[in-house]
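> Here it is, the structure in full.
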Amino acid sequence: MMQVVANSSNLFGIDLFHELWDGASNVIFSPWSITSAMLVLHEGARGQTREEIANVFHVGSLDAWRPNYAGIYNRLSDATACRVNTANAFWHDLSNTPAAEFIEPINKYYCGEVRAVDFMNHPDTACNDINEWVASKTENMIDGLLDPASISPETRFTITNALYFAGAWETQFDPKRTYNATFHGIEGNATVPFMRHSGGALLNYMRNDILEMVGIPYEGNQLDLLVLIPEVGFDAFLPILSLDNIYSWETQMTEDALDIRLPSFSLDVKSDLAGILSQMGMPVAFQPGAADLSGIDGTRGDFISSVMHGAAIVVDEVGTKAAAATAGTTTCYCTIPQIVVDHPFIFLIQERTTGLILFLGTVLNV
């Protein structure tokens, strides 16, 4: 059943990727982080507000969802070789008290904290407290998630999720083999460092007329970085980028010794998802007078004003650090498949057993 929850989060992730894609900008976000925060909100939503959140995030029966969300949380937390920290928090103003029926599942299933802050009298301090919490949970990779202007004396509550991932490669790239080459980005060519595995590691790989896909395992073989390299233009590739197709392509992967050249890269993106989530099918939650979040404290009148999401990733020879709260080659004689990732690609960090996508993004420019 954990796969059902993971699949729903992944479906949302692909839906959101298509919404965020603009053909010009790098993308990095965490479907799991956003889903986690919205599941907490879903617990307090009622009526049409609750139905719309459930539809956008593909939420099923809570009797099944709650324990299986907890199961995924525990599985990620128990990862031995990689470090995966995920945390939820519900911040409410000192003047109101959340209902016990709302707090109980947050503590029991979502492993969340419920914290009181003084939005009414000291909004700047409350904002700073929340930002410090996010920074501490993400090893300072996500800094200043909330703008002080987004917190006011009228703020009633804020829901936060922080996700941090750090993993070394199962077989590390040798820094001595890193070389400079051309990445053919959307905005033009750029000379950047390329990491190289030259047959020293067995990697999962598939290729067809549509794309090449390679999986680079992290230490412990519980999580992978999947790199999808379209063989056709992105305009032709995006309409067929679906979760079912990703799953299908994964079943076609076989283990092989590869000569892979991958640019080192880092991304850091913050955005307010309120407008996009509204367009995706949950507008009522953002409408004053229409939103029903009465399951939080028994009162009507609250609505969502913003959904801030930040994600960052650093990929280098040692491995990957990521957080959320996103044709020049050297001449070589070889008889093994050679993969040169020197043009825009899609990437995701995925947990093997459940298939959960922790991070999803695209690199259009380096």
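Quick note, in my numbering, the sequence shown goes up one by one and the last residue is 402. All residues carry an ideal CB built from backbone N, CA and C; glycine is no exception.
1) Quickly, what does DSSP pair R119 with across the bridge? List them, please.
2) Here's the rule: buried if 16 or more other CB atoms are within 10 angstroms of the residue's CB, otherwise exposed. What is T21?
3) For A81, count the other beta carbons within 10 Å of its own beta carbon; 16 or more makes it buried, fewer makes it exposed. Which is it?
4) Going by CA-CA distance only, name the one from E255, V354, I349 and F219 that's closest to R388.
5) Look up A363 in the DSSP assignment and say whether it is helix, strand or coil.
6) Report the option in V377, G355 and I70 whose CA atom is closest to the CA atom of N257.
7) Taking I89 as the reference, which of I385, D304 and M316 has the closest Cα?
8) Do you know offhand how far F273's Cα is from D165's?
9) Within the chosen definition, does the region 177-191 reach the region 150-163 through at least 3 CB pairs nearer than 8 angstroms?
10) Can you round the beta-carbon distance between I108 and L392 to whole angstroms, since I take them to be within the 8 angstroms contact cut?
11) Let me confirm a value: H54 is counted as buried when at least 16 other C-beta atoms fall within 10 Å, else exposed. Which label applies?
12) So the candidates are G224, S69 and T122; which of them puts its Cα closest to the Cα of L396?
13) Any beta carbon of chain C sitting closer than 7 angstroms to that of S172?
14) Considering only residues of the region 221-252, which uninterrupted beta strand (DSSP E) runs meet the minimum length of 3 residues and lie entirely inside it, listed in chain order?
15) Work out the CA separation of I139 and D129 for me, nearest whole Å.
16) Which class does V376 belong to by DSSP, given the choice of helix, strand or coil?
17) In this structure, what does DSSP give as the bridge partners for A217?
18) Tell me, to the nearest whole angstrom, how far the beta carbon of D333 is from that of N143; I am working on the premise that it is less than 8 angstroms.
19) Using the Cα positions of K357 and Q84, report the straight-line distance between them to the nearest angstrom.
20) Can you give me the C-alpha to C-alpha distance between H403 and E168, rounded to a whole angstrom?
21) Along the beta strand (DSSP E) that carries E88, what are the first and last residues, could you check?
22) Taking just the CA atoms, how far does I64 sit from V305?
23) Does DSSP put H158 in a helix, in a strand, or in coil?
24) Using the three-state DSSP reduction, which class does A125 fall into: helix, strand or coil?
25) Please report the straight-line C-alpha distance between L400 and L313, rounded to a whole angstrom.
26) Do you know offhand how far A100's Cα is from M38's?
On the basis of the coordinates in this document:
1) A202
2) Given that the chain is displayed from residue 37 to residue 402, the structure contains no residue 21 and the question cannot be resolved.
3) buried
4) E255
5) Its pLDDT being 24, under 50, A363 is placed unreliably by the model, and the measurement read from it follows with that caveat. Three-state DSSP puts A363 in coil, outside helix and strand.
6) G355
7) M316
8) 43 angstroms
9) yes
10) 6 angstroms
11) exposed
12) S69
13) In summary, chain C is missing from the structure at hand, where a single protein chain is found.
14) 224-243
15) 15 angstroms
16) strand
17) V228
18) D333 to N143, Cβ: 16 angstroms. No contact.
19) 39 angstroms
20) Nothing can be reported for residue 403, as the shown portion of the chain is limited to 37 through 402.
21) Counting along the chain, E88 falls outside any beta strand (DSSP E), though it belongs to the alpha helix (DSSP H) covering G83 to V92.
22) 6 angstroms
23) coil
24) strand
25) 24 angstroms
26) 9 angstroms
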